[in-house]
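Under the working numbering, the residue at position 73 of the sequence shown is numbered 89, and the numbers go up by one with no gaps. C-beta atoms are modelled at their ideal positions from N, C-alpha and C, and glycine is treated no differently. The model shown is predicted, which means the values in this text are computed figures rather than measured ones. Here's the structure, in structure tokens; my notes come after.
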Amino acid sequence: MRNLRPNRIKGKEIPAELKKWLYASGSLTQQLTDLGGGEFHVERIKEHYQRLTFTDSQWMRMPYQHIAWVRETNLYGSESEAWVKAKSIFPILSLQKKARIFKHIGNKPIGWFLFQRTEPKCERRVIYLAEGWTRQSCYTWHGCKFIVQETFLPAFEQFIRQH
């Protein structure tokens, strides 16, 4: 996995307790399940098609005009408030290959399939969005490229500070 590990992004300091989560490798699904004492679930918010953004198309090295299937979810641990807001971007070309399974997983987490008997190639960047600290991962899995964006919400930051 390629990672840059800055302590500060655009004038904002990454909270020390959140840094390990932003740069952790492996399955966030499993890590949140462990943190939640075995409790974890996914709530689908929205699934739709959209054109790739210029930035995402460059990162995945795909033409800008490509269409992607986008899945937006909230991830919950042992608390009633969502811990993570996730957004997955699957170019149509990836959905025609092995990654087509991700379009039909319902409320199951992507991580259960992505990390099953495999360690996908991953490039990662960390950014700060209005909703919170976010890690964006560009995965290459069985020849398919896609982006998973995970924003750690205030409820998660509060939980890890208290535990």
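query: Do Trp128 and Thr45 have their C-beta atoms within less than 8 Å of each other?
result: Your numbering for residue 128 matches position 112 in the sequence shown. Your numbering for residue 45 matches position 29 in the sequence shown. Closer than 8 Å, so yes.
task: Report all residues from its chain with a CB closer than 7 Å to the CB of Cys160; omit the five preceding and five following residues, and keep chain order.
output: Sequence index remark: in the sequence shown, residue 160 carries index 144 (1-based). In its chain, beyond the 5 residues on either side, Ser110, Lys113, Lys114 and Ala115 have a beta carbon closer than 7 Å to the beta carbon of Cys160.
message: Let me confirm a value: Thr49 is counted as buried when at least 16 other C-beta atoms fall within 10 Å, else exposed. Which label applies?
response: Here residue 49 is taken as the residue at index 33 of the sequence shown, counted from 1. Its Cβ being crowded by 16 or more others within 10 Å, Thr49 is buried.
message: By the three-class DSSP mapping on this structure, what secondary structure does Pro107 have?
response: Your numbering for residue 107 matches position 91 in the sequence shown. Strand.
task: Pick out whichever of Arg140, Gln132 and Asn90 has its Cα sitting closest to the Cα of Arg151.
output: Residue mapping note: residue 151 aligns to position 135 of the sequence shown, counting from 1. Among Arg140, Gln132 and Asn90, the Cα nearest to that of Arg151 belongs to Arg140.
message: Please state whether the Cβ-Cβ distance between Trp149 and Leu38 is less than 8 Å.
response: As a position in the sequence shown, residue 149 is number 133, starting the count at 1. As a position in the sequence shown, residue 38 is number 22, starting the count at 1. One thing to note: Trp149 has its Cβ within 8 Å of the Cβ of Leu38.
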